[in-house]
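This report refers to the structure that appears directly beneath it.
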Amino acid sequence: KAGVTQTPRYLIKTRGQQVTLSCSPISGHRSVSWYQQTPGQGLQFLFEYFSETQRNKGNFPGRFSGRQFSNSRSEMNVSTLELGDSALYLCASSLNGEETQYFGPGTRLLVL
Amino acid sequence: SQKIEQNSEALNIQEGKTATLTCNYTNYSPAYLQWYRQDPGRGPVFLLLIRENEKEKRKERLKVTFDTTLKQSLFHITASQPADSATYLCALDGGSGYALNFGKGTSLLVTP
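Protein sequences appear in the order of chains A and B.
Per the numbering used here, residue 15 is the first one in the first sequence, and the count goes up by one each step.
Per the numbering used here, residue 103 is the first one in the second sequence, and the count goes up by one each step.
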């Protein structure tokens with residue numbers, strides 16, 4: 015079974031731009047979660063989607079948004095990028111949102 | 103506020119020895135605790151989950167203990183190998199469902 019895939023793997027943007035990241039979960043998994051990882055803050059939960067509905071949201075500003083499609087693929091969008099948004103963005107999937115998360119390789123975003 | 107603490111200093115041990123990593127938490131009453139391994143440039147990989155009513159769990163050379171009174175989990179790797187070198191993250195359920203809260207991880211280096 016193929017693992018979680020994320021595209022693109024690397025991205026360079028400038029302040030003020032917006033970015034969209036994509037995640038394809040493991041086949042059959044309906045829950046997709048997004049995390050931001052930085053050296054200073056570690057891994058922080060952004061949001062979780064299940065059957066196209068956001069069920070949980072972390073403590074991030076409204077510039078961070080996401081959605082999930084009927085095939086369980088998910089996208090997250092960051093608008094008006096700031097330097098502090100430079101991070102590794104990780105997507106994780108699970109069958110129904112239960113405990114064990116299967117992570118993708120991440121998208122490394124650099125904001126200049 | 104809720105806090106998860108892992109030893110920020112890297113742990114250096116010799117091949118064949120037992121590595122012990124610590125995860126302490128405050129202001130949580132987790133239903134379970136998980137350990138993940140993360141290699142540079144990759145997403146975390148699930149290792150073990152231990153529930154609040156379990157004291158100890160084993161998987162091959164790995165052992166996890168969970169003391170809800172001390173609010174602490176210990177993660178042991180016996181007969182460590184250089185291939186075990188990685189960052190190890192502990193994660194607790196966020197309490198509100200469908201979210202994991204992670205510690206910042208401990209870097210383990212096993213030298214031959």
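Beta carbons: idealized from backbone N, C-alpha and C, even for Gly.
Keep in mind the model is a prediction, meaning the values are calculated, not measured.
Which residue from the options puts its Cα closest to that of residue i?
i              : options                        : result
residue 69(A)  : 60(A), 76(A), 77(A)            : 60(A)
residue 154(B) : 143(B), 147(B), 166(B), 170(B) : 170(B)
residue 120(A) : 102(A), 109(A), 110(A), 108(A) : 102(A)
residue 72(A)  : 210(B), 204(B), 110(B), 211(B) : 204(B)
residue 133(B) : 187(B), 111(B), 201(B)         : 201(B)
residue 109(B) : 214(B), 187(B), 191(B), 213(B) : 191(B)
residue 122(A) : 22(A), 16(A), 15(A)            : 22(A)
residue 31(A)  : 77(A), 82(A), 111(A)           : 77(A)
Starting from residue i, follow its DSSP beta bridges and name the residues at the other end.
i              : result
residue 138(B) : 148(B), 191(B)
residue 107(B) : 126(B)
residue 212(B) : 115(B)
residue 165(B) : 160(B), 178(B)
residue 23(A)  : None, per the DSSP bridge assignment.
residue 125(A) : 27(A)
residue 102(A) : 51(A), 122(A)
Look at the alpha carbon of residue i and the alpha carbon of residue j, and state the distance between them as a whole number of angstroms.
i              : j              : result
residue 29(A)  : residue 164(B) : 44 Å
residue 25(A)  : residue 80(A)  : 18 Å
residue 150(B) : residue 139(B) : 10 Å
residue 121(B) : residue 141(B) : 17 Å
residue 106(B) : residue 125(B) : 7 Å
residue 48(A)  : residue 18(A)  : 12 Å
residue 173(B) : residue 189(B) : 21 Å
residue 92(A)  : residue 168(B) : 38 Å
residue 135(B) : residue 152(B) : 5 Å
residue 97(A)  : residue 124(A) : 8 Å
residue 160(B) : residue 94(A)  : 46 Å
residue 157(B) : residue 46(A)  : 30 Å
residue 194(A) : residue 100(A) : There is simply no residue 194(A) to check, as chain A begins at 15 and stops at 126 in what is shown.
residue 39(A)  : residue 50(A)  : 17 Å
residue 36(A)  : residue 104(B) : 30 Å
residue 66(A)  : residue 75(A)  : 21 Å
residue 186(B) : residue 86(A)  : 33 Å
residue 123(B) : residue 206(B) : 12 Å
residue 117(A) : residue 82(A)  : 17 Å
Review point. Counting pairs of beta carbons, one from the segment 107-120 of chain B and one from the segment 174-191 of chain B, are three or more of them closer than 8 Å?
Key: Yes, the segment 107-120 of chain B is in contact with the segment 174-191 of chain B.
Check your understanding: Unbroken beta strand (DSSP E) runs of length 3 or more, entirely within the segment 29-99 of chain A: which are they?
Key -> For the segment 29-99 of chain A, whole beta strand (DSSP E) runs of length 3 or above, ordered along the chain, are 33-38, 45-52, 56-64, 67-71, 78-82, 88-92.
Check your understanding: Okay, do the segment 98-118 of chain A and the segment 137-151 of chain B touch, 3+ Cβ pairs below 8 Å being the bar?
Key -> Yes: at least three Cβ pairs fall under 8 Å.
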